[in-house]
Amino acid sequence: MDKYQINHLRELEAESIFVIREVAAQFENPVMLFSGGKDSIVMFHLARKAFWPAKVPFPLMHIDTGHNFPETIEYRDNLMEKTGARCIVKYVQDTIDQGKAVEETGINASRNKMQTITLLDAIEQEKFDAAMGGGRRDEEKARAKERFFSHRDEFGQWDPKNQRPELWNLFNAKKNMGEHFRVFPISNWTEMDVWQYIYMEEIELPSLYFTHKREVFQRDGVWMAKAPFMQLKEGEKLEMRDVRCRTIGDVTCTGVTLSTANNIQDIIQEVAATRVTERGGRADDKRSESAMEDRKREGYF
Amino acid sequence: MSGKESGYLDMELLRFTTAGSVDDGKSTLIGRLLFDSKAIFEDQMEAIERASIRSGGEDVNLALLTDGLKAEREQGITIDVAYRYFATPKRKFIIADTPGHIQYTRNMVTGASTANAAIILVDARHGVLEQTRRHTYIASLLQIPHIIICVNKMDLVDYKEEVFEQIKADVEDISSKLSVKDVRYVPISALVGDNVVTRSEKMEWYDGPTLMYLLENLHIGSDLNRSDFRMPVQYVIRPQSKEYPDYRGYGGRVVSGSLNVGDTVKVLPSGFTSKVKTIDLFKDSLKTAFAPQSVSVQLEDDIDISRGDMLVKETNGHEPVIGQDIDVMLCWFNDRKMVPRGKYTLRQTTSEMRCMVKSVDYKMNINTLEKDSDDLDVGMNDIVRVKLRTTKPLFFDSYNVNRNTGSLVLIDESTNETVAAGMIV
Ligand SMILES: Nc1nc2c(ncn2[C@@H]2O[C@H](COP(=O)(O)OP(=O)(O)OP(=O)(O)O)[C@@H](O)[C@H]2O)c(=O)[nH]1
Ligand SMILES: [Mg+2]
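Listed below in C-alpha cells is the structure:
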C-alpha cells in the first residue's frame, strides 16, 4: 500500500466516525444504544474517537431485560466509570410492571421482543430524535437492507419497501414531530472486521467472549448457559464445558460456543474457520423466516 | 501505522454495485459470487434451501441470498439495495445488489453512488434494453470509475460467441456517447457459474479474465481525487475541560487530497487563511491526513469557523468555485413532479440551504441518449439538466473533478423526502 492509502479497517473507521459526527450535528437529542456486546463496545469506542479530546456529546442507553449475564452489567458499569460517559438504563421489568407488556410463558420464553416496547417508550419519554445502534448489515438479511439513517414513523415503525434514497454521504435527517431516526454507524462492518479492529485497537471486552468453564445444556442443537430463570426441558442435562460467547444477548436466547480461545487472535482464527453465522445461535432469529424483518418493522433495534 | 496493521489486516476495500434490467440475473450473480468464494455459511444455505423449496423451485435459488425482504421473495424481484460482504486475501468487497425495476431506480442510484465499480448485466437472450441504457447512463453520470458489462445467461444461447460480440458492439455504441473510462466485457452464466469465479470450459473462444479476477485486480488507487485538499467541517470539538481548556478542533472527513501540519489552509466562505497546528485522531497526533480519513484539525489562528464551512488548500491549481447559480444534472426520484420555480432544501457536503429551480435546460432521452428541450416536465426517473439558485453561496467543484464536493441532494420541504440527486456540472 502506498503512503496515501489506508487499510479496510481504517476506511471503515473513518466512515463510522463521519456518521457519528453527522448524528451529533444534525440531531438535537441523540442517544447511543449500548448492550454490552462487542458491536456496541466498538461503536462506543468510535464515538470516543470522533469527539476526542471532548467527551462524547450524547448519553448511552441500555435496555436491560433483567436476563443478562452478570458479567455484562459489571463491564458496562466499569466502562462508564473509566470513560466518564453517562448511561441511561431502562428496565423491561418496569414495562411489565406497568402492564404494557406481558411476560411470555413456556420453555422458550424470552424478553427479547418486549425490549422493543421498552425502547420505544424510552425514546418517547426522553424525547430522543435519533438512536444509534450497533446493527451490521452482514448480520441478517433484513439488516442488509437498512440505510445508515433509517427513518421511523410516529409509531417507531420501519417501512422497508419505502426507504429514502441515501446518496453518497449526504444524510437526510428531516422529520416531523414525533418521528425519529435509527442510525447504524457500523453498517458496513462484518463480524471479522469487528474482531480485527478490536485486536488492532486493543479494546477491552467482557470476559464472556473468552473461554471459561460454565454449566451448559443443549437445546435444538445450540449450547445454552444455565441461568436462574431458564427451565430445563425433559432430556436436557447440564454439563460443565469450556465455552465462550460469540455474541452477547439475553441468556435466554443467546447460544454459547464450545471453545478454548482465550485471546483475540485465537478468536479471529475461530471466526475465520466457522461455517455458521453468529446469529445462527440465536433463538430469537430462528422463530420464523422473517423474524428479524417483522421485529424491525415494529421498532426493534 | 502500528505493527498490527501490517500483514493480514492490510486489505484494500472495493465497493461495487450491480445494475441492469429486471431479471437479468443480478441477485443470482451475487449469490454465485458469494457461494463460489465460500462466503456463505451453512445456516444461511439451509435457510435459502428451505425458502427455495417453499417458493416451488427445483434448485436452490441463489438470488434469495440478497432478496431478503418478504415482499421481494413473494414477488421474485429486488426492491431495495441489499449490502453483502466478502473478502479474498487481497481485498474486502462491499457489494450493493440493486433492483432492476424502473420503479426502484432511486434505490439503484443509492447503491451506485458510492461504488468504485459497477457490474452491468445484460440478458444474452434479450440484449440491450431501455433499463440497460438508463443504468449505463446513470453509471457514467455518477462517474463510477470502472464498468464491467457481464453478458449473462450464456447457457441459454448455447454459449455462442456471436451473441456476446453483438451485445458488446451494442454497448460500445452507447458508451462511445458517454464519458466512461474503463469498460470491460465478460460472458457469464450466473446460474451455472461460468466465468464468475472459475473459467468456463464452454467458452473457449473467450480468453479474457473471469469476473472475480477483474474485481480483485482493478486498479482503484487513483479513484479518489488525491490532489485538491478539501475538508468540509462537520463538528467543532471544544472540550472546555481542565486538561484541554483551549482545544478547538474542526472535526471532519478529508474528502480529497492531503494535509500536513504546518500547511496553510484557506477557510471558505470567509477566505481567511491560517496554518495547521495539529491533526488529531483520538490519542494519535498525525503529521499528515489524507482522503478518506476522519480527523480533527486545529489551526494557529482564532478564526470563526462552523459546520458547513470548508477547509481547502490554496497551494493547488484548483480552488472550489463559490457561487449561488449552479448548473446541475438531476435524477428525479419522486412521484411528485418537480415544481417549476419550486423551492427545495439542498444538501451538499455538510451544508444545507434552500434553493430554487430557475429553469430546466433539457431532459435526456434515454433511448436515443439525446437532449430533449421540448418536453421539460420532470417526473419520476427523469434525468434533466437544470439551473439552481441558492439562498447563500455554495462552494463546490465540478462533480467530474470531485465526487464529494460536486454532489448534492434535494429535499422536498413538505414531505421531508429526498427527491433528487444532483451532480454539479
Ligand atoms: N439460465 C439462466 N438463468 C439465470 C441466469 N442468471 C439468472 N437466471 C434466472 O433469471 C431469473 C432472474 O434472476 P434474478 O437474479 O432474480 O434477477 P435480477 O437481475 O436480480 O432481478 P431484479 O433484481 O428484480 O431486477 C431467475 O429465475 C434466475 O434463476 C443464468 O446465468 N442462466
Ligand atoms: Mg435482484
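If you're matching them up, the sequences are chains A and B in order. Each residue of the first sequence is one higher than the last, beginning at 1 in the working numbering. Each residue of the second sequence is one higher than the last, beginning at 1001 in the working numbering. Virtual Cβ for every residue (Gly too), placed ideally from N, Cα, C. Remember, predicted model here, so these are calculated numbers, not experimental data.
Are the C-beta atoms of residue i and some chain B residue less than 8 Å apart?
i, result
"aspartate 129/A", "no"
"methionine 1/A", "Any answer about methionine 1/A is weak, because its pLDDT of 48 lies below 50 and its placement is not dependable; what the coordinates show is given next. It does; some Cβ of chain B falls within 8 Å."
"phenylalanine 184/A", "no"
"serine 150/A", "no"
"leucine 167/A", "yes"
"isoleucine 17/A", "yes"
"arginine 21/A", "yes"
"aspartate 94/A", "no"
"aspartate 153/A", "no"
"isoleucine 6/A", "yes"
"arginine 275/A", "yes"
"threonine 72/A", "no"
"asparagine 172/A", "yes"
"glutamine 163/A", "yes"
"threonine 257/A", "no"
"alanine 47/A", "no"
"proline 206/A", "no"
"phenylalanine 51/A", "yes"
For chain A, check one thing: does any of its Cβ atoms lie closer than 8 Å to the Cβ of residue i?
i, result
"arginine 1347/B", "yes"
"lysine 1371/B", "no"
"glutamate 1058/B", "no"
"leucine 1251/B", "Looking at the sequence shown, residue 1251/B is not leucine but glycine. True, the Cβ-Cβ gap to chain A drops below 8 Å."
"alanine 1124/B", "no"
"arginine 1106/B", "yes"
"glutamate 1012/B", "yes"
"arginine 1238/B", "yes"
"lysine 1092/B", "yes"
"asparagine 1416/B", "yes"
"proline 1245/B", "no"
"proline 1393/B", "no"
"valine 1109/B", "yes"
"glycine 1221/B", "yes"
Just to confirm, is the Cβ distance from residue i to residue j under 8 Å?
i, j, result
"alanine 1019/B", "threonine 1098/B", "yes"
"isoleucine 1188/B", "valine 1151/B", "yes"
"arginine 244/A", "histidine 212/A", "yes"
"glycine 1257/B", "arginine 1238/B", "no"
"phenylalanine 18/A", "serine 1294/B", "yes"
"leucine 60/A", "alanine 25/A", "no"
"isoleucine 210/A", "glutamate 239/A", "The sequence given here has phenylalanine at residue 210/A, not isoleucine. No."
"valine 1196/B", "arginine 1032/B", "yes"
"histidine 62/A", "phenylalanine 34/A", "yes"
"lysine 1371/B", "arginine 1354/B", "no"
"valine 1339/B", "phenylalanine 1396/B", "no"
"valine 1261/B", "tyrosine 1250/B", "no"
"serine 1274/B", "leucine 1299/B", "yes"
"leucine 1346/B", "aspartate 1309/B", "no"
"aspartate 1036/B", "glycine 1252/B", "no"
"glutamine 1234/B", "glutamate 13/A", "no"
Quick one: what's residue i bridged to in DSSP?
i, result
"valine 1022/B", "BP columns for valine 1022/B are empty, so no partner."
"asparagine 1498/B", "With chain B running from 1001 to 1425 in the structure shown, residue 1498/B is simply not present."
"phenylalanine 149/A", "Val183/A"
"leucine 1029/B", "None, per the DSSP bridge assignment."
"serine 1372/B", "The amino acid occupying residue 1372/B in the given sequence is aspartate; serine does not appear at that position. Looking at the DSSP assignment, aspartate 1372/B forms a beta bridge with Lys1363/B."
"glutamate 1012/B", "Arg1091/B"
"proline 30/A", "Ala130/A"
"tryptophan 223/A", "Gln218/A and Val256/A"
Can you determine whether any heavy atom of ligand 3 sits closer than 7 Å to the C-beta of residue i, and answer yes or no?
i, result
"serine 1027/B", "Ligands in the displayed structure: ligand 1 and ligand 2; ligand 3 is not one of them."
Could you tell me which whole alpha helix (DSSP H) segments of length 4 or greater appear in the region 1144-1170 of chain B?
none
When you compare the region 1322-1337 of chain B with the region 1374-1383 of chain B, are there three or more beta-carbon pairs, one atom per stretch, that lie closer than 8 Å?
yes
Taking the runs of the beta strand (DSSP E) that are 3 residues or longer, which of them lie wholly in the region 1291-1337 of chain B?
1294-1299, 1310-1313 and 1321-1332
Threshold first: 3 residues or longer. Then list the beta strand (DSSP E) segments lying entirely within the region 1217-1301 of chain B, N to C.
1230-1237, 1249-1253, 1258-1260, 1264-1268, 1273-1281, 1284-1286, 1288-1290 and 1294-1299
May I have a chain-ordered list of the alpha helix (DSSP H) segments no shorter than 4 residues that lie completely inside the region 1174-1225 of chain B?
1211-1217
For the structure I just gave you, are there three or more beta carbon pairs, one from the region 183-194 of chain A and one from the region 218-228 of chain A, closer than 8 Å?
no
What runs of the alpha helix (DSSP H), each 4 residues or longer, lie entirely inside the region 1033-1111 of chain B?
1042-1054 and 1070-1075
Quick check: the region 1407-1416 of chain B against the region 159-170 of chain A, are at least 3 beta-carbon pairs closer than 8 Å?
yes
At least 3 beta-carbon pairs within less than 8 Å: the region 95-106 of chain A vs the region 123-132 of chain A
no
In chain order, each alpha helix (DSSP H) run of at least 4 residues that lies wholly inside the region 87-143 of chain A
92-97 and 114-125
Does the region 1206-1224 of chain B touch the region 1114-1125 of chain B, meaning 3 or more C-beta pairs lie closer than 8 Å?
yes
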